[in-house]
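First the structure, in the form of structure tokens, and then the observations on it.
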Amino acid sequence: MSTTSISSMLASHPFFRAFTAEQCQAIADCASHEVLDVDSHIITAGAPADHFYVLLSGKVAVNLHVTGRGYITLQTLEGGDIFGWSWFVEPHTFDFDAWVLERAEVISVDAALCTQAVQRDDALGAVLYQHFAEVMALRLKATRHRLLDMYGLR
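According to our numbering, the stretch in the sequence shown is residues 22 to 175, in order.
So this is what it looks like as structure tokens:
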């Protein structure tokens with residue numbers, strides 16, 4: 022798939038609506054289109070965060086391993102969501118696991134290439150980091166709610 026096609030997909034994704042066409046193209050130049058099958062383990066906690074993912078369709082579970090309880094689902098993501106924000110926060114390792122629940126179409130963005138693009142364009146970095154901060158806040162809120170539910174505190 023061409024980067025022009027990927028850029029168009031990014032431009033129509035909710036996460037990228039505030040981005041300019043040039044900024045979407047800069048991200049597309051770092052990206053590839055993938056289709057992921059059910060039960061694919063796309064992110065492993067503790068692994069290097071070398072990509073982030075733009076979910077176009079399907080469902081992905083964000084999970085946390087809890088000693089004595091196994092994996093708990095913190096959040097179920099659907100088309101229109103984004104995941105893998107750990108790429109821009111030290112130590113650049115994933116904090117959660119992610120499994121595909123329903124066949125998923127994603128845009129996979131290479132973190133090293135994206136970092137280079139951000140270093141060349143401060144405005145791209147500012148808008149990208151602002152939007153990822155919102156994703157991080159949502160993920161933290163979902164984690165809090167899930168833990169409160171798990172321990173019967175809500």
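In this text, a Cβ means the ideal position worked out from N, Cα and C, and glycines have one as well.
A quick note: this is a predicted structure, and the numbers were derived from the prediction, not measured.
Just curious, the alpha helix (DSSP H) that residue i is in, first and last residue?
| i | result |
| --- | --- |
| threonine 25 | 24–33 |
| aspartate 143 | 143–171 |
Indicate the three-state DSSP secondary structure (helix, strand or coil) for residue i in the structure shown.
| i | result |
| --- | --- |
| phenylalanine 73 | strand |
| phenylalanine 104 | strand |
| glutamate 111 | coil |
| alanine 39 | coil |
| alanine 49 | helix |
| leucine 174 | coil |
| alanine 138 | helix |
Which residues share a DSSP beta bridge with residue i?
| i | result |
| --- | --- |
| leucine 95 | For leucine 95, which the question treats as bridged, DSSP gives no partner whatsoever. |
| serine 61 | Its beta-bridge partners do not exist; DSSP assigns none. |
| alanine 82 | Thr97 and Trp120 |
Within the continuous beta strand (DSSP E) that includes residue i, where are the two ends?
| i | result |
| --- | --- |
| alanine 52 | 52–57 |
| alanine 202 | Outside the shown range of the chain (22 to 175) lies residue 202, about which nothing can therefore be said. |
Using 10 angstroms around the beta-carbon of residue i, count the other beta-carbons present and answer buried if the total reaches 16, otherwise exposed.
| i | result |
| --- | --- |
| histidine 72 | buried |
| glycine 67 | exposed |
| glutamine 96 | buried |
| serine 33 | exposed |
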